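Enquirer: If you scroll down you'll find the structure; I have some questions about it.
Following this line, the structure appears as structure tokens:
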């Protein structure tokens with residue numbers, strides 16, 4: 225048997241785990257919205273292309289070279305709420321497969337760098353073309369860069385050397401290398417510097433391998449991963465390599481156990497059974513990894529979808545649904561949560577990032593048919609974003625009369641890391657003549673560093689309530705005393721002698737007058753009448769809405 229102390233400790237741990245589960249942040253998305261784009265979409269990037277402060281999407285469509293379809297770039301202007309206008313297709317790049325967004329010439333307007341892989345069979349090495357934004361959703365062609373032989377669609381725009389100018393990192397599939405092009409800040413770039421990889425690369429991601437604040441590169445390649453360690457000046461030196469993921473690959477990278485070291489999600493496939501499995505590799509910070517848990521689903525993206533500060537993963541299980549595994553921050557995950565997508569059979573996540581400016585990562589996916597071909601549409605899932613609780617203190621005073629007012633404190637607590645303003649509004653029910661009015665000290669609140677926000681609710685009772693209540697007391701049965709008194713008076717008056725009739729009349733009149741006075745002043749057996757009201761305060765963070773109520777009595 226457990227000792228008393230051990231038993232108490234066990235109970236405490238169970239209670240703590242239960243509380244943690246109850247208080248865990250939730251993940252939720254709005255229903256998926258589908259948007260038609262060009263032929264064979266390959267990449268999606270986010271930027272403000274018409275300079276209206278709302279995030280837009282640019283979808284790179286490769287087209288179909290076998291039919292003479294040169295592809296296009298679909299621009300979808302955002303409405304700031306996660307929805308987008310119909311795509312405008314621009315014929316700016318022949319059979320491009322990748323893009324990066326940034327202000328490459330320092331004019332405050334987003335530009336696009338488009339990657340064209342070229343055609344090996346025609347000795348076409350491909351290139352990168354800079355398209356400078358005009359601020360109205362259109363572009364003008366800038367310089368054409370030659371980063372190396374047949375660049376793939378994986379390209380990153382980032383300031384590598386701290387000069388406040390964006391640089392480019394692009395994967396060179398035909399040269400087994402990664403090219404770095406330092407930006408000049410005017411839309412032009414220096415000559416590329418190539419860094420070799422062990423085998424043909426497919427993707428590059430900026431990481432901090434050891435958690436020391438350095439800008440390193442993780443290059444996903446055939447049968448493994450190569451790290452390039454940053455020198456802080458835009459140059460790199462060879463780092464460790466990892467052989468893994470046979471007939472699979474590295475599908476996601478990030479710090480899943482909060483030790484500031486890069487972890488990996490790897491895919492291994494059996495070429496005989498065609499069965500693939502996903503597992504987490506926990507990083508040691510030196511390019512070596514230890515086996516973590518098996519995830520049980522294909523992983524396509526990693527982000528903090530629920531805003532609890534822990535990295536989550538999203539992927540699929542052979543259906544047109546996305547599944548999110550919420551991370552616990554220790555390298556383990558909760559049960560998957562599923563969300564429907566708009567594809568006819570399956571989908572492929574291509575972007576997990578903020579597309580509506582609320583700091584919460586949203587998801588964009590390509591819709592794929594059962595035969596594996598990509599449909600000419602994308603699915604957009606908008607993260608619910610800022611989530612919070614709202615409560616109200618008991619109004620003081622809780623019973624009011626004409627001309628009085630009461631106040632209540634509205635308290636909000638942030639439930640996620642997505643700290644955005646919450647708009648407040650109040651209403652009074654029942655809404656009728658003479659009802660109280662309500663107002664708030666602020667119609668919009670923001671959360672402080674501890675995730676708290678507050679406002680003051682004021683409830684006012686007008687002066688007309690007094691006469692309304694008096695009349696209500698009079699009308700709610702007080703008038704019934706008139707026939708009673710009349711009958712009593714009549715009965716008395718007919719039963720007395722003529723000599724005393726005048727005296728009886730005077731006494732009866734006094735009685736009726738007293739009854740009328742008592743009723744008019746709220747007296748009588750009915751007592752003073754009161755009305756109950758409910759005041760509702762609603763908080764709205766554009767995607768999440770919660771409300772609270774207070775009750776009060778008006779006499």
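In my numbering, the protein residues as written are 225 to 779. Virtual Cβ for every residue (Gly too), placed ideally from N, Cα, C. The model shown is predicted, which means the values in this text are computed figures rather than measured ones.
Report back the beta-carbon spacing between residue 592 and residue 602 to the nearest angstrom; my notes put them in contact at under 8 Å.
Expert: Within the chain shown, residue 592 is the residue found at index 368, counting from 1. Within the chain shown, residue 602 is the residue found at index 378, counting from 1. About 11 Å separates the two Cβ atoms, so there is no contact after all.
Enquirer: On the three-state DSSP scale, how would you describe residue 462?
Expert: For this step, residue 462 is matched to residue 238 along the chain shown. Residue 462: strand per DSSP, three-state reduction.
Enquirer: What does the Cβ neighbour count give for residue 190, buried or exposed, with the cut at 16 atoms within 10 Å?
Expert: Residue 190 cannot be examined here, being either before or after the span of the chain that is shown, 225 to 779.
Enquirer: Could you name the residues of the same chain whose beta carbon sits closer than 8 Å to that of residue 185, not counting the 5 residues immediately before and after it, in chain order?
Expert: Since the first residue of the chain shown is 225 and the last is 779, residue 185 is not available in this structure.
Enquirer: Kindly indicate which three-state DSSP category residue 375 falls into: helix, strand or coil?
Expert: Your numbering for residue 375 matches position 151 in the chain shown. Reduced to three states, the DSSP call for residue 375 is strand.
Enquirer: Would you check if the distance between the CB atom of residue 282 and the CB atom of residue 268 is smaller than 9 Å?
Expert: Residue mapping note: residue 282 aligns to position 58 of the chain shown, counting from 1. Residue mapping note: residue 268 aligns to position 44 of the chain shown, counting from 1. Yes, they are a contact pair.
Enquirer: Hey, how far is the Cα of residue 430 from the Cα of residue 442?
Expert: Along the chain shown, read from residue 1 onward, the residue named residue 430 stands at position 206. Along the chain shown, read from residue 1 onward, the residue named residue 442 stands at position 218. Rounded to whole angstroms, residue 430 to residue 442 spans 6 Å at the Cα level.
Enquirer: So for residue 666, helix, strand or coil by DSSP?
Expert: Position 442 of the chain shown holds residue 666. Correct three-state label for residue 666: coil.
Enquirer: What's the gap between the Cα of residue 345 and the Cα of residue 374?
Expert: If you number the chain shown from 1, residue 345 lands on position 121. If you number the chain shown from 1, residue 374 lands on position 150. Taking the straight line from one Cα to the other gives about 11 Å.
Enquirer: Terminal residues of the continuous beta strand (DSSP E) containing residue 599?
Expert: One-based indexing of the chain shown puts residue 599 at position 375. From DSSP, the beta strand (DSSP E) with residue 599 extends over 598-605.
Enquirer: For residue 769, which residues of its own chain have a beta-carbon under 6 Å away from its beta-carbon, when the five flanking residues on both sides are left out?
Expert: For the purposes of this step, residue 769 is taken as the residue at position 545 of the chain shown. Excluding positions up to five away in sequence, the list is empty.
Enquirer: Go through the region 425-451 residue by residue and report every complete run of the alpha helix (DSSP H) that reaches 4 residues or more, in order.
Expert: Correct list: empty.
Enquirer: Using three-state DSSP, classify residue 765 as helix, strand or coil.
Expert: Looking up residue 765 in the chain shown gives position 541. Coil at residue 765, not helix or strand.
Enquirer: On the DSSP bridge assignment, give the partners of residue 522 in chain order.
Expert: Reading the chain shown from its first residue, position 298 is the one you call residue 522. Note: residue 522 sits in a beta bridge opposite 540.
Enquirer: For residue 376 versus residue 296, is the C-beta spacing smaller than 9 Å?
Expert: On the chain shown, residue 376 is found 152 positions in, with the first residue counted as 1. On the chain shown, residue 296 is found 72 positions in, with the first residue counted as 1. Cβ atoms of residue 376 and residue 296: not closer than 9 Å.
Enquirer: So the beta strand (DSSP E) residue 265 belongs to, where does it begin and stop?
Expert: For this step, residue 265 is matched to residue 41 along the chain shown. 265-271 is the extent of the beta strand (DSSP E) around residue 265.
Enquirer: May I have the straight-line CA-CA distance separating residue 393 from residue 407, to the nearest angstrom?
Expert: Locating residue 393 in the chain shown gives position 169, where the first residue counts as 1. Locating residue 407 in the chain shown gives position 183, where the first residue counts as 1. Computed Cα separation, rounded: 11 Å.
Enquirer: State the CB to CB distance for the pair residue 777 and residue 632, rounded to an integer number of angstroms; the pair is presumed to be in contact (CB under 8 Å).
Expert: Working through the chain shown from its first residue, we reach residue 777 at position 553. Working through the chain shown from its first residue, we reach residue 632 at position 408. Contact doesn't hold; Cβ gap of about 14 Å is too wide.
Enquirer: Pick out the complete alpha helix (DSSP H) segments inside the region 339-369, 4 residues or longer, and give them in chain order.
Expert: Segments of the alpha helix (DSSP H) lying fully in the region 339-369: there are none.
Enquirer: Nearest to residue 489 by CA position, among 483, 677, 514, is which residue?
Expert: Within the chain shown, the letter at position 265 stands for residue 489. Cα-wise, what sits closest to residue 489 is 514.
Enquirer: If you follow the beta strand (DSSP E) that residue 282 is in, where does it begin and where does it stop?
Expert: To locate residue 282, count along the chain shown from 1; it is residue 58. Note, residue 282: beta strand (DSSP E), 280-285.
Enquirer: Give me the Cβ distance between residue 664 and residue 681, rounded to the nearest whole Å; I'm assuming they're in contact under 8 Å.
Expert: In the chain shown, residue 664 corresponds to position 440, counting from 1. In the chain shown, residue 681 corresponds to position 457, counting from 1. Indeed they touch by this definition, with Cβ atoms about 6 Å apart.
Enquirer: Please classify residue 341 as buried or exposed, where buried requires at least 16 other C-beta atoms within 10 Å of its C-beta.
Expert: Your numbering for residue 341 matches position 117 in the chain shown. Answer is buried; the Cβ neighbour count reaches 16.
Enquirer: Does DSSP put residue 332 in a helix, in a strand, or in coil?
Expert: Residue 332 sits at position 108 when you count from the first residue of the chain shown. Residue state, collapsed to three classes: coil.
Enquirer: Please confirm if the region 641-650 is in contact with the region 608-620, defined as three or more CB-CB distances below 8 Å between the two stretches.
Expert: Enough Cβ pairs lie closer than 8 Å, so yes.
Enquirer: Can you find at least 3 beta carbon pairs, one from the region 462-482 and one from the region 496-510, that sit closer than 8 Å?
Expert: Yes, they touch.
Enquirer: Tell me which same chain residues have a C-beta within less than 6 Å of the C-beta of residue 404, skipping the five on either side of it?
Expert: Here residue 404 corresponds to residue number 180 of the chain shown, with the count starting at 1. Cβ within range, chain order: 393, 417.
Enquirer: By alpha-carbon positions, which one of 579, 280, 327 ends up nearest to residue 366?
Expert: In the chain shown, the residue the question calls residue 366 occupies position 142. When only C-alpha atoms are compared, the closest one is 327.
Enquirer: Measure from the alpha carbon of residue 760 to the alpha carbon of each residue in 400, 661, 561, then state which is nearest.
Expert: Mapped onto the chain shown, residue 760 falls at position 536. Residue 760 has its Cα closest to that of 661, out of 400, 661, 561.
Enquirer: Let me make sure I understand the geometry here. Which of 656, 651, 635, 685 has the alpha-carbon closest to that of residue 679?
Expert: Locating residue 679 in the chain shown gives position 455, counting from the first residue. Of the listed residues, the one whose Cα sits closest to residue 679 is 635.
Enquirer: Any idea if residue 319 is buried or exposed, counting beta-carbon neighbours within 10 angstroms, 16 or more meaning buried?
Expert: As a first step, residue 319 is located in the chain shown; it is residue number 95 there, counting from the start. Buried, because 16 or more other Cβ atoms sit within 10 Å of the Cβ of residue 319.
Enquirer: With 16 as the cutoff for other CB atoms within 10 Å, does residue 541 come out buried or exposed?
Expert: As a working note, residue 541 is residue 317 in the chain shown. That one is exposed.
Enquirer: CB residue 583 to CB residue 496, shorter than 9 Å?
Expert: What you label residue 583 is simply residue 359 of the chain shown in a count that begins at 1. What you label residue 496 is simply residue 272 of the chain shown in a count that begins at 1. Contact flag unset, no.
Enquirer: Using only the alpha-carbon positions, how far apart do residue 574 and residue 478 sit?
Expert: Your numbering for residue 574 matches position 350 in the chain shown. Your numbering for residue 478 matches position 254 in the chain shown. Using only the alpha carbons, I get a separation of about 17 Å.
Enquirer: Taking 8 Å as the limit between beta carbons, can you name the residues of its chain near residue 303, skipping five residues before and five after?
Expert: As a first step, residue 303 must be located in the chain shown, where it is residue number 79. If we look at residue 303 and ignore the five residues flanking it on each side, its Cβ neighbours are 278, 309.
Enquirer: DSSP three-state call for residue 307: helix, strand or coil?
Expert: Counted from its first residue, the chain shown places residue 307 at position 83. Correct three-state label for residue 307: coil.
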